[in-house]
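> The sequence shown maps to residues -22 to -1, 1 to 257 in mature numbering (1 follows the signal peptide of the UniProt record, and there is no 0).
Handing you this structure, nothing more for now.
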Amino acid sequence: MKHTFLSLVILFAISIQETATAQGHTFMSYNIRYNNPNDGANKWDERKSEVVNLIDHYEPLVFGLQEALLDQVVFIRQSSSTYDYIGVGRDDGQEKGEFSPIFYNKEKLNLLKEGTFWLSETPDRVSKDWDAALPRICTYGQFQLKDSKATFWFFNTHFDHRGKLAREKSATLIIEKIKALTQDKAPIILTGDFNAIPDSKPIQNITNYLSDGFSSSQKPFYGPIGTFSGFDTSAKLEDRIDYIFFRNATGISLTHIDDRRTNGLWVSDHLPVLFSAKF
């Protein structure tokens, strides 16, 4: 009888794990707007708790943030016992300037490798190039699922808002780096604010190698088409500039989350992008 009961427990545990795998892993990209004290009712201190609440509600396995300054990264890290992060400030490779941090569920994942490169002709050192207005970076990590031991790569970036050539060159560089690092041997997730619409050259360069979760998932896309509101509560949200791309995985669903704060204002000036995939 004891052996029968133990067998049933094992089978039940396996069934739960298989169900979770079938439902997929959840990833998120979110430009949280840098801590600007001049943002009035939309300043960080007014929004930060609801940013954390949103993350806790959707429980992504891994999420990439954009425009995060050190104090914002630290606040989010200290607000959760579930997540740890990797990343550096773009201005000095340490703590100065905006991060493109990757937060990961440390209870479910092992971190195997991590790094950051600059979107320039000299990616291994602090730099800006082409017609970029500011230094830009891409942070990446290789992770291993503790239960299945499967590995995957996660990349997170924020393209320049002014430099057209910089965006095109950045897209080419990121794909080159992804190919070199991963050798196409594991699932790949790329998140970010690309400051480019879907039919632009940078996005086309990326989708020549990676799939866009918006159009390549099993379930229909859900949410507003656009991802940038500028904190305008009446914005039509038509421009899609935040993306999640993938390779060597099956896309299940992608959603643009249009949740609001309790006072009706936006949680950030961008919508978070939520993507589910299985591998």
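The beta carbon of each residue, even a glycine, is placed where N, CA and C say it ideally should be.
Give me, in chain order, the residues of the same chain whose beta-carbon lies closer than 6 Å to that of ILE64; leave out the 5 immediate sequence neighbours on both sides.
For the purposes of this step, residue 64 is taken as the residue at position 86 of the sequence shown. For ILE64, where only same-chain residues beyond five positions count, the Cβ hits under 6 Å are ILE80, GLU92 and GLY119.
> Indicate the three-state DSSP secondary structure (helix, strand or coil) for TYR8 in the structure shown.
Looking up residue 8 in the sequence shown gives position 30. Note: TYR8 maps to strand in three-state DSSP.
> What three-state label does DSSP hand LEU168 in the structure shown?
Here residue 168 corresponds to residue number 190 of the sequence shown, with the count starting at 1. Three-state result, LEU168: strand.
> Quick one: what does DSSP say TRP22 is sitting in, helix, strand or coil?
Taking the sequence shown and counting its residues from 1, one reaches residue 22 at position 44. Three-state DSSP puts TRP22 in a helix.
> Which residue marks the beginning of the alpha helix (DSSP H) containing LYS179, and which one marks its end?
Walking along the sequence shown from the start, residue 179 turns up at place 201. It spans 179 to 185 - the alpha helix (DSSP H) in which LYS179 sits, taken as one unbroken run.
> In its own chain, which residues sit with a C-beta less than 6 Å from the C-beta of SER246, not counting the 5 before and 5 after it?
Residue mapping note: residue 246 aligns to position 268 of the sequence shown, counting from 1. Cβ within range, chain order: ILE10 and ARG11.
> Which runs of the beta strand (DSSP E), 3 residues or longer, sit entirely within the stretch 128 to 165?
Complete beta strand (DSSP E) runs here, min 3: 129 to 136.
> Are there 16 or more other CB atoms within 10 angstroms of the CB of ALA144, so buried, or fewer, so exposed?
The residue given as residue 144 occupies position 166 in the sequence shown. With 16 or more Cβ atoms within 10 Å of its Cβ, ALA144 is classed as buried.
> DSSP beta-bridge partners for GLY119?
Position 141 of the sequence shown, counting from 1, holds the residue named residue 119. The partner list for GLY119 (beta bridge, DSSP) reads GLU92 and PHE132.
> Flag this pair as touching only if the stretch 219 to 237 and the stretch 159 to 171 have three or more C-beta atom pairs under 8 Å; answer yes or no.
They touch, by the three-pair rule.
> If you measure between the beta carbons of ILE235 and GLU216, is that distance less than 8 Å?
Residue 235 sits at position 257 when you count from the first residue of the sequence shown. Residue 216 sits at position 238 when you count from the first residue of the sequence shown. No, the pair does not count as a contact, with Cβ atoms beyond the cut-off.
> DSSP has GLY42 in a bridge; who is on the other side?
Against the sequence shown, residue 42 aligns to sequence position 64. Answer by DSSP bridge pairing, in chain order: SER7 and ILE80.
> What first and last residue would you give for the beta strand (DSSP E) that runs through ILE230?
Along the sequence shown, one-based indexing puts residue 230 at 252. Segment 228 to 234, the beta strand (DSSP E) holding ILE230.
> So which of ASP138, LEU123, THR240 and TYR187 has the shortest CA-CA distance to LYS84?
Locating residue 84 in the sequence shown gives position 106, counting from the first residue. Taking only the C-alpha atoms, the option nearest LYS84 is LEU123.
> Please name the residue in ARG140, ARG103 and GLU99 whose C-alpha comes closest to that of residue 264.
Shown here, the chain extends from -22 to 257; a query on residue 264 therefore has no answer.
> To the nearest angstrom, how far is the alpha carbon of ALA128 from that of TYR61?
In the sequence shown, counting from the first residue as 1, residue 128 sits at position 150. In the sequence shown, counting from the first residue as 1, residue 61 sits at position 83. Their Cα atoms are separated by approximately 19 Å.
> Starting from LEU252, trace the beta strand (DSSP E) in both directions and tell me its first and last residue.
As a position in the sequence shown, residue 252 is number 274, starting the count at 1. From DSSP, the beta strand (DSSP E) with LEU252 extends over 251 to 256.
> Leaving aside the five residues before and after ARG55 along the sequence, list all residues of the same chain whose C-beta is less than 6 Å from its C-beta, in chain order.
Looking up residue 55 in the sequence shown gives position 77. Answer for ARG55: TYR63, listed in chain order.
> On the CB-based measure, 16 or more other CB atoms within 10 Å of its CB, does VAL52 come out buried or exposed?
Walking along the sequence shown from the start, residue 52 turns up at place 74. Label assigned to VAL52: exposed.
> Just checking, does the stretch 145 to 161 make contact with the stretch 175 to 193 on the three C-beta pairs under 8 Å criterion?
With the cut-off at 8 Å, the stretch 145 to 161 and the stretch 175 to 193 touch.
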